[in-house]
Amino acid sequence: TIVGSRDATLRVWDIETGQCLHVLMGHVAAVRCVQYDGRRVVSGAYDFMVKVWDPETETCLHTLQGHTNRVYSLQVNTCLRAPDSHALSLNHFSCLSDGRLMADGFVVV
9 TIVGSRDATL RVWDIETGQC LHVLMGHVAA VRCVQYDGRR VVSGAYDFMV
59 KVWDPETETC LHTLQGHTNR VYSLQVNTCL RAPDSHALSL NHFSCLSDGR
109 LMADGFVVV
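If you read the sequence shown in the working numbering, its first letter stands for residue 9, the second for the next number, and so on.
Here is the structure:
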């Protein structure tokens, strides 16, 4: 389980033991929303940023800047590969299996 907090961190918890496994630090304001796709964590915060994390290494892989206000929600969707190896986004934002980001159908990072 991954939880965002007002202390600007995300914490990865083992729900069986109640132990905190990892602390993800990088936001500078309260973390408002978190999504986990089984491999990557995406977080949005009151610092106007969206961050993509590798929860196992506690590494921030990407920081998406450009919002002009707090980020209140986000949705991570699955990305499919077409037969010709082009990536297809299923909404406005996706995290590809190789860690790259896609927004509005274009690979951005």
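Glycine is no exception: its CB is placed at the ideal position from the N, C-alpha and C atoms.
Since we're looking at a predicted model, the values are computed, not measured.
One alpha carbon belongs to Ile23, the other to Ala53, and they sit about 24 Å apart. If you ignore the 5 residues before and after Arg19, its C-beta comes within less than 6 Å of the C-beta of Val11, Cys28 and Val31, all in its own chain and listed in chain order. By the Cβ neighbour-count rule, Arg14 is exposed, with fewer than 16 other Cβ atoms within 10 Å of its own.
Taking 8 Å as the cut-off, the Cβ atoms of Leu69 and Val58 do not count as close. Val79 places its beta carbon 8 Å or farther from that of Val50.
For Thr17 and Val39, the gap between their C-alpha atoms comes out near 7 Å.
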